[in-house]
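Peer 1: Per full-length UniProt numbering, the sequence shown runs over residues 1 to 292.
Beta carbons are placed, not taken as given, at the ideal position from N, Cα and C, and that holds for glycine.
Computed from a prediction, not measured in an experiment: that's the story for all the values here.
One structure, pasted below without further comment.
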Amino acid sequence: MIKSMTGYGRGEASAEGRRFTVELKSVNNRFCEVILRQPRSLSPVEDRIKRTIQGKVTRGRVDGYISIEETGEITPSVKVDKALAVAYHNAMEELAESLSMAEKISIKDLISLPNVISLEQPEENIEQWYPAIKEATNQALNGLLTMRQTEGERLKIDISSRATVIQQLTVQISERAPLVIQEYRDKLSQRLAEWLENGIIEEARLAAEVAVFADRADISEEIVRLNSHLVQLSQILSEGGPVGRKLDFLVQEMNREINTIGSKANDLVITNAVVNAKSELEKIREQVQNIE
1 MIKSMTGYGR GEASAEGRRF TVELKSVNNR FCEVILRQPR SLSPVEDRIK
51 RTIQGKVTRG RVDGYISIEE TGEITPSVKV DKALAVAYHN AMEELAESLS
101 MAEKISIKDL ISLPNVISLE QPEENIEQWY PAIKEATNQA LNGLLTMRQT
151 EGERLKIDIS SRATVIQQLT VQISERAPLV IQEYRDKLSQ RLAEWLENGI
201 IEEARLAAEV AVFADRADIS EEIVRLNSHL VQLSQILSEG GPVGRKLDFL
251 VQEMNREINT IGSKANDLVI TNAVVNAKSE LEKIREQVQN IE
């Protein structure tokens, strides 16, 4: 199946009172490039997420966005710094004694002092989160691949239809090519007759001139190669898979053959067919740039 390099997918999964959302967006790129943007707390699993994506995507730039949302009540723990409380207590007693004060120090006094009691958020356990992150990633990846496949089928249909037009134009060129030689012979014979006083034309000279022109204007090899490339194009589209680079090379070869035909053929009909073929091929080239 032919795949486009353009797509989008989104996935969600929850774990440990948190919801993880993964969004993936891909665009054209010569190679496979994965760029992730996620909270710093997920850095330890970033490489694993990238490998999951790269296992399914062979070409294209994939931008991934991962967010975390708290969905349940997360109870922080209370931490008491006993050593600090004792130090505060001793200091306060020493101060009271030096000032000859008889006030008693209460627990309320101690816990109101800085850092004696503090709240700590539960320790983040990335490994417990990872299965949910991977599930959300796979959901997003499936959506991305589905869109890439759908778009790829559209590209395949468009390329095939344009290749058919080029095939029809190639047939026109092939049928027209022999007539160009005959027309040149007739025109040359007429000109020679006008130049010669007695109207007698040397057939050997005429044949030699026509042979030179025919050799110079011969496009049979180019037509054979162009037809071969069109067959290969159809086969590649039918096989599917990551064929973008192969198609890109094939289109370059087709362009070379069409250009050569245009430069050799000294004929308005063939020139017009070449112009139309190049127009269709350029549109194919643009579509191929988006194929994985």
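Less than 8 Å between the CB atoms is what I'm expecting for residue 11 and residue 136, so what's the real figure, rounded?
Peer 2: 4 Å
Peer 1: Is residue 24 helix, strand or coil when you go by DSSP?
Peer 2: strand
Peer 1: Taking Cβ positions only, does residue 228 come closer than 9 Å to chain B?
Peer 2: Absence of chain B from the displayed structure is noted, only one protein chain being present.
Peer 1: For the beta strand (DSSP E) that residue 35 lies in, which residues bound it at each end?
Peer 2: 32 to 37
Peer 1: Would you tell me roughly how many angstroms separate the C-alpha atoms of residue 155 and residue 17, rounded to the nearest one?
Peer 2: 43 Å
Peer 1: Considering residue 49, what are the terminal residues of the alpha helix (DSSP H) in which it resides?
Peer 2: 46 to 54
Peer 1: Give the C-beta separation of residue 6 and residue 290 to the nearest angstrom, bearing in mind that I take them to be a contact with Cβ-Cβ under 8 Å.
Peer 2: 6 Å
Peer 1: By a C-beta neighbour count over all protein chains shown, 10 Å radius and 16 as the cutoff for buried, is residue 267 buried or exposed?
Peer 2: buried
Peer 1: Taking 6 Å as the limit between beta carbons, can you name the residues of its chain near residue 173, skipping five residues before and five after?
Peer 2: 270 and 273
Peer 1: Answer yes if the segment 77 to 96 comes into contact with the segment 53 to 68, meaning at least three C-beta pairs across the two stretches below 8 Å, and no otherwise.
Peer 2: no
Peer 1: Would you mind sorting residue 62 into buried or exposed? The rule is 16 or more other CB atoms within 10 Å of its CB.
Peer 2: buried
Peer 1: Tell me which residue opens and which closes the alpha helix (DSSP H) that residue 220 is part of.
Peer 2: 220 to 239
Peer 1: If we count the other Cβ atoms within 10 Å of its Cβ and call it buried at 16 or more, is residue 37 buried or exposed?
Peer 2: Counting C-beta atoms within 10 angstroms of its own C-beta, residue 37 has fewer than 16 neighbours from the protein chains shown and is therefore classed as exposed.
Peer 1: Looking at the unbroken alpha helix (DSSP H) that takes in residue 109, where does it start and where does it end?
Peer 2: 107 to 111
Peer 1: Look at residue 241 and residue 144 and say whether their C-beta atoms are less than 9 Å apart.
Peer 2: No, Cβ-Cβ distance for residue 241 and residue 144 is not below 9 Å.
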